[in-house]
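For any residue, its number in the working numbering is found by taking its place in the sequence shown, counting from 1, and adding 40.
Beta carbons: idealized from backbone N, C-alpha and C, even for Gly.
Encoded as structure tokens, the structure appears first; notes follow it.
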Amino acid sequence: MPGEINCLFTKGLIPFVEKEAGTEAVAAVCRAAGRPRDYLMADHNWLSLGVADEVVRVAMALTGDTDVDRWARRMTDDMMDWKPSREYRHYLGTYSMGVGHPRDLYARVDVMAAAVERFCRYEGQVKRNRATFRRIPEPGHTIPRWFCVWENVKWERYPTNWGLPRAVVTERQCVASGATTCLIDVRWRNPRLGARFWGPVLGGGAASVGLVLGLAAIETLSWTVQS
């Protein structure tokens, strides 16, 4: 339904609240959402944006942080950290690790966003090591500040999947501050074409040459037998 956010958000929020404030705090978050923990940890479920706002308000109070930018940043960093536990392993972190190159990942921002929220859309220009994105609210809906920070910090973290520095995310304007759209620049460093790249390339080339020579030998043998 329009105006909803996927429970991928609460799947990241609950472990953070549990670590910061304990199991009783998680129970309070569940009461604020009106949903059990299992519902909030399942990435096929959705919450209305109004309910998500209330969950964030309660979670901030429970973790003792009243600065929405700081809280959302801390929560997102925790969400994107690798977790060996299947329950706590976050889809957005693991999905982004499976993409072969930072540029490919930024080129999928609109696709990933559509799987997470139903209250805004994205327009973007993605180049080799930089991109500009526009986050546009759907008619009749707002974009809360915590959501903008959540998205921006995820974009910062993506290059770290390859052992690279965080991307530099520059927010030129934000809907939560009165703009009609959010406008964000992202710059990142791409991996060098080192052994991790040239090894498979050279190995594939050698295999191709071997295949061609093998086929040629078979063809020669076939011609000799026929003669």
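Under DSSP, T106 forms no beta bridge with any residue. The residue from M119, N192, G203 with its alpha-carbon nearest to that of A153 is N192.
Spanning the alpha carbons of W186 and R232 requires a straight line of approximately 34 angstroms. Put simply, of D107, R175, F159 the residue whose alpha carbon is nearest the alpha carbon of G90 is F159. Nearest to L204 by alpha-carbon distance, out of V166, P142, T63, is P142. Taking C-beta atoms under 8 angstroms as the contact rule, W86 and C47 qualify, at a distance of about 6 angstroms. Counting only the Cα atoms, R175 lies some 13 angstroms from S217.
For secondary structure counted as the beta strand (DSSP E) over 3 or more consecutive residues, the stretch 43-95 holds these complete runs in sequence order: 44-46, 86-88. Within the same chain, I45 come within 6 angstroms of A92 by CB-CB distance, once the 5 residues on both sides are set aside. Approximately 15 angstroms separates the beta-carbon atoms of A72 and E58; this is outside 8 angstroms, ruling out the contact.
Within the same chain, Cβ atoms closer than 7 angstroms to the Cβ of A219 are found at Q213, the five residues on either side in sequence being excluded. The distance from the Cβ of P42 to that of H181 is about 7 angstroms, consistent with a contact at the 8 angstroms cut-off. Restricting attention to G74, K51, L145, the CA atom closest to the CA of D118 is found in K51. Contact between K194 and T116 holds: CB atoms are separated by about 6 angstroms, below the 8 angstroms threshold.
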